[in-house]
Amino acid sequence: MKRKPSPIMLLFCAVLILSLLSVGIRILLTMNYLDAHYGVYRSGEILPTVYHIALFAIVIAVVAAAILISKRGSFDAPPPVGDFTIFASCISAFMLAASTLLSLYYILIRRQPASIYDWLMTITSIPAIIFFLSLIKTKLNSRATLAFMSFFPIVWCAVLLIRVYFDTSLLITNPHKTLHQLALLAAMVYFLNESRFLLSKSSRPLFLAASTTAPILLLSSSLPALIQPDLLLIGSSDSYIDYAVECALAVFILSRLFCAGASRPENAVKDIPADTDASIE
């Protein structure tokens, strides 16, 4: 008898569809209503306002759905590392490595001036790469170690968030800047909950809520910038490779949500002490 898809799998499909729909609408709005010189929508246009209100409503709706689903007790431990997560971890590690190598090339070879943000992002990206590679190799073999390593993607996002916030080349009312900051905050909240979940200190509702909102905001922010760099990459803090990293992080978070929905409860990581090993079959 064919097994019905779990509520979390249905939630994953909804998040993926809503994310792509948001990206498509934002691309159309950017093409038709954005003033590329100032990075803001032209005055008097109502559709961009409707889009952002709808995006906020979607985020609230998926959070509510995640909380309702989590009360059904779908899982009580971190989901296993499946093939999708391994693929997403490879992409995330590759993008972070590319970002690190490019930064070192411009700083050391081209002798371009580097800010403290450039150095911090370069330094923190190395342990973040190790975190994703560790997931590929060990599949949550050491939960305490992975919980510690997952702190570095949070730091990387935090440094980029501060860099974007203090970017005076972008107007405060720039909608792309605001969405970018919200996306980075959502990514930080997700990795914080991933770390706490590995240590059995985070609840199921928080993990599901973070893993549903972060992909929507990250993809809505990063994919249009990758597709329309001439219109959206106008600030001194904007970097094509950084948006590629954020897009990879969104895919990674989606993979964790997918694995949570695809796995059976008995395949999840058992609730064991954080300093012991629990390999996934």
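Take 380 as the starting number for the sequence shown in this note's numbering and just add one per residue. A virtual CB, placed ideally from N, CA and C, is assigned to each residue, including glycine.
* Where does the unbroken alpha helix (DSSP H) through K556 begin, and where does it stop? -> Within the sequence shown, residue 556 is the residue found at index 177, counting from 1. Looking at the DSSP string, the run of the alpha helix (DSSP H) that includes K556 is 554–577.
* Going along the chain, which residues of its own chain have a beta-carbon closer than 6 Å to the beta-carbon of S468, five neighbours each way excluded? -> Walking along the sequence shown from the start, residue 468 turns up at place 89. Correct list, in chain order: F511, L514, I515.
* To do: Please confirm whether S401 and S599 have their CB atoms less than 8 Å apart.
  => For this step, residue 401 is matched to residue 22 along the sequence shown. For this step, residue 599 is matched to residue 220 along the sequence shown. In contact: S401 and S599 (Cβ atoms closer than 8 Å).
* N-terminal and C-terminal residue of the alpha helix (DSSP H) that L475 is part of -> What you label residue 475 is simply residue 96 of the sequence shown in a count that begins at 1. Judged by DSSP secondary structure, L475 falls within the alpha helix (DSSP H) whose first and last residues are 462–483.
* Quick one: residues in its chain with C-beta nearer than 8 Å to the C-beta of V394, no 5 flanking neighbours on either side, listed in chain order? => Numbered from 1 along the sequence shown, position 15 holds the residue referred to as residue 394. So the list reads V441, T591, P594, I595, L633, L636, once near-sequence residues are dropped.
* **Buried versus exposed call for R451 [16 or more other C-beta atoms within 10 Å across all chains shown]** => On the sequence shown, residue 451 is found 72 positions in, with the first residue counted as 1. So R451 ends up on the exposed side.
* **Straight-line Cα distance separating S615 from L550** => Position 171 of the sequence shown, counted from the start, is the residue given in the question as residue 550. Position 236 of the sequence shown, counted from the start, is the residue given in the question as residue 615. About 12 Å.
* Reduced DSSP category for A413 - H, G, I as helix; E, B as strand; rest coil -> For this step, residue 413 is matched to residue 34 along the sequence shown. Reading the sequence as shown, one finds Leu at residue 413 and not Ala. Three-state DSSP puts L413 in a strand.
* Asked: Is the beta carbon of W535 sitting closer than 8 Å to the one on S494?
  -> Locating residue 535 in the sequence shown gives position 156, counting from the first residue. Locating residue 494 in the sequence shown gives position 115, counting from the first residue. Going by C-beta atoms, W535 is not nearer than 8 Å to S494.
* To do: Run the CB neighbour count on K580, radius 10 Å, all protein chains shown included, and call it buried at 16 or more, exposed below.
  => By 1-based counting over the sequence shown, the position of residue 580 is 201. With fewer than 16 Cβ atoms within 10 Å of its Cβ, K580 is classed as exposed.
* To do: Give the DSSP-derived three-state secondary structure of S600 in the structure shown.
  => Taking the first residue of the sequence shown as position 1, residue 600 is located at position 221. Here S600 sits in helix by DSSP.
* Asked: How far does the alpha helix (DSSP H) with I437 in it reach, from first residue to last?
  -> Counting from one through the sequence shown, the residue named residue 437 turns up at place 58. Per DSSP, I437 belongs to the alpha helix (DSSP H) from 426–449.
* Using three-state DSSP, classify S521 as helix, strand or coil. => Walking along the sequence shown from the start, residue 521 turns up at place 142. Reduced to three states, the DSSP call for S521 is strand.
* **Exposure of A647, with buried meaning 16 or more beta-carbon neighbours within 10 Å** => Locating residue 647 in the sequence shown gives position 268, counting from the first residue. Low confidence applies to A647: its pLDDT is 48, below 50, so where it sits in the model is not reliable, and the reading given next is rough at best. Classification of A647: buried, given that the 10 Å Cβ count is 16 or more.
* To do: Could you check if P608 is buried or exposed, using at least 16 other CB atoms within 10 Å of its CB as the buried criterion?
  => As a working note, residue 608 is residue 229 in the sequence shown. When all chains shown are included, P608 counts as exposed.
* To do: Go through its chain and collect everything with a Cβ distance to F391's Cβ below 6 Å, but skip five positions before and after it.
  => Walking along the sequence shown from the start, residue 391 turns up at place 12. The answer, listed in chain order, is L636, F637, G640.
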